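This report concerns only the one structure given below.
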Amino acid sequence: MEDRSNETIAAISTALGGSGIGIVRVSGKEAFLIGDRVFESPRGKKKLSKQVSHTVHYGYIRDEGQTVDEVLVTVFRAPKSFTTEDTIEINCHGGIYATRRVLETVLKNGARPAEPGEFTKRAFLNGRIDLSQAESVADVIQAKNEYALQNSLSQLQGSLGHKITSLRERLLYHTAFIESALDDPEHYSLDGYPATLLSEMEEMSSVLNKMIASADNGRMIKEGIQTVILGKPNAGKSSLLNVLAGEDRAIVTDIAGTTRDTLEETISLGAINLNVIDTAGIRSTDDYIEQIGVSKAWEKAETADLILYVVDSSTSLDENDEEILKQLNGRSSIILLNKSDLQQVTTADDVQAYTGDSFPVIEISAKEQTGMDQFEQTLHDMFYHGTLSFNDEVYITSARQKSELIRARESLKKVCESISLGMPEDFYTIDLMDSYIALGRIIGKEVGEDLVDEIFGRFCMGK
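Residue numbers for the sequence shown follow our numbering, so the first one is 447 and each next one is one higher.
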């Protein structure tokens, strides 16, 4: 495969549109030379290649004597840049045509178009960031709520990489100690060492277990909580969806069975995202189309992170409610007593007579939009167990990272089994190194070119 890492690359690093500023980034060994070709200061004497790093310069981008745009150019000298290469960032006017013309001028003068994610890829390949930090760059850009942003920023600052590096250092120490003792038993004794190693492996396995368990929280932080609204017809499910969405997304009428199919909407509640599915009202019916809707409702509930069961508190519970309450057993659910603005017939005590304290029960009124603050706090307590700390905790958001953590844990498990069976010490080192390699793949120490290309190929252009 052709090595293009020495080529100078350029791309638009801001979204194209009618904005105040657009940025064209140029990185590589010829970045300053290209800058000298296209940039002209008001007095025509300033050369970007002669300027100090981290300085900003006013002037014009020129193309064959024609002024393309009035700009500010920032100079970053290697290795003190994002890519660790010589870099210039051209801040031009943010119109689509103006930004593209600046890029075209740069490309005409020696740069090539950057591939998606190539700037971040170079930062990784040049050792400025590890692979977990590189992946977090994309997560920062795509963050949909405050929790997702804070977790991504924490990983960008190296929280995951530091923890993985610490675990790998411990694994490498034990591998080296065993090999040294086997090669030089006069100076290194293995007496009593298996018990010490077993204790260490159990402690490290506990750390890995915690990180793997965090993947569920991490997925919900990143992608949102998969939420299904269940309830009988006319309980107020669609009205609840409309309140959460802040607009009329679902048709609401007094006619039971209005919703026949599922309706999906992504909703932001402060720092929490819900991927909400409104479903058909659940009841016994001879209507074939309505039966299909009811079946779909249960199908969606099977894979949901959260079920919101909406009860019409102005009516009595019936056999349909009893059936739904039975189905909620063992699932993360919140029971919402809707229509609390009307005369209540069903109370929290009535519901808890069936469920006990298994689920939170909250009185709301979708019509009056009351009870939503308590609902949001309950969501936070259920899924994030109090205040999330992104300084001390690592929340795994990548399926790739979780898979490697599981591989590393399984290798440690094999070490523990070998110790318990009294196997020779050289057996330990095989699995210790397997765990070491698996953890290395998380931060990019043991990854192939194909995986690197796949990861960065998912990035947006210009990043």
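Each residue gets a CB set at the ideal place from its N, CA and C atoms; glycine is no exception.
Predicted model only: the values in this text are computed from it and were never measured.
DSSP assignment within the segment 522-604 yields the following whole beta strand (DSSP E) runs of 3 residues or more, N-terminal first: 533-540.
Nearest to L549 by alpha-carbon distance, out of E531, S605, I469, is I469. The residue from G890, Y841, L858 with its alpha-carbon nearest to that of L595 is Y841. Going by DSSP, S473 is part of the beta strand (DSSP E) stretching over 465-473. Non-local C-beta neighbours of G664 in its own chain, meaning closer than 6 Å and more than five positions away in sequence, comprise Y841, I842, T843, ordered along the chain. Boundaries of the alpha helix (DSSP H) around Q798: 794-801. Of the residues assessed, R904 falls on the exposed side of the cut-off, its CB having fewer than 16 other CB atoms within 10 angstroms.
Secondary structure at F873: helix, using DSSP grouped into helix, strand and coil. By DSSP's assignment, Q672 forms a beta bridge with N721. Taking C-beta atoms under 8 Å as the contact rule, A681 and L553 fail to qualify, at a distance of about 60 Å. Annotated three-state conformation of V898 is helix, per DSSP.
With a 10 Å radius around the Cβ and a threshold of 16 neighbouring Cβ atoms, A641 comes out exposed.
According to the DSSP assignment, V807 belongs to the beta strand (DSSP E) that extends over 807-809.
When DSSP states are grouped into helix, strand and coil, T642 belongs to the helix group. In summary, T501 is exposed, with fewer than 16 beta-carbon neighbours lying within 10 Å of its beta-carbon over all protein chains present. For S857, the enclosing alpha helix (DSSP H) stretches over residues 845-866. Going by beta carbons, L851 and M650 fall outside the 8 Å limit.
Within the model, the alpha-carbon separation for G474 versus A569 is close to 12 Å.
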